[in-house]
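In the numbering used here, the protein residues as written are 3 to 132.
Let me begin by presenting the structure, written as structure tokens, before commenting on it.
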Ligand SMILES: [Zn+2]
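Printed below as a string of structure tokens:
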């Protein structure tokens, strides 16, 4: 492997990622607050935008990799900033996905108590009418 790219990857490995923990904490907090008022469609729009922003950050990181390979060493601050942004975005994406899945499982079967989708007409577990 390219020595310069290898050095860049070592630096990437050196930046610790706490996004998963942070996402779990905020998802728990968001779960408590998630009212049925929040529209799933609105959250899906936010999720779509966040995914786009996340992909843009990944594209920039890819460009840094190619630039490094071609001998244009990037500033360390740029790489760290992009990695932090990637952590932040993926944390928010995980949080939104949790909120959406919480909201979608908004009704329980009156017969067996299984969680069911908001628009379901029949229980996924026992087949009873909802
Ligand atoms: Zn049921």
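Beta carbons are placed, not taken as given, at the ideal position from N, Cα and C, and that holds for glycine.
Simplified DSSP assignment, three categories, for residue i
{"i": "residue 120", "result": "coil"}
{"i": "residue 109", "result": "strand"}
{"i": "residue 126", "result": "coil"}
{"i": "residue 48", "result": "helix"}
{"i": "residue 78", "result": "helix"}
{"i": "residue 115", "result": "coil"}
{"i": "residue 73", "result": "coil"}
Residue span of the alpha helix (DSSP H) that contains residue i, given as start and end
{"i": "residue 41", "result": "That residue, residue 41, is in no alpha helix (DSSP H); it is neither H nor E in DSSP."}
{"i": "residue 132", "result": "Residue 132 -> no alpha helix (DSSP H), and no H or E assigned at all."}
{"i": "residue 13", "result": "5-16"}
Rounded Cβ spacing between residue i and residue j (contact assumed at less than 8 Å)
{"i": "residue 52", "j": "residue 106", "result": "Their Cβ separation, rounded to whole angstroms, is 18 Å, which puts residue 52 and residue 106 out of contact at 8 Å."}
Cβ neighbours of residue i in the same chain (closer than 6 Å, five flanking residues each side left out)
{"i": "residue 12", "result": "none"}
{"i": "residue 127", "result": "114, 116"}
Same chain only: Cβ atoms within 8 Å of residue i, ignoring 5 sequence neighbours per side
{"i": "residue 66", "result": "10, 76, 80, 81, 84"}
{"i": "residue 110", "result": "116, 117, 118"}
{"i": "residue 6", "result": "70, 71, 73, 75"}
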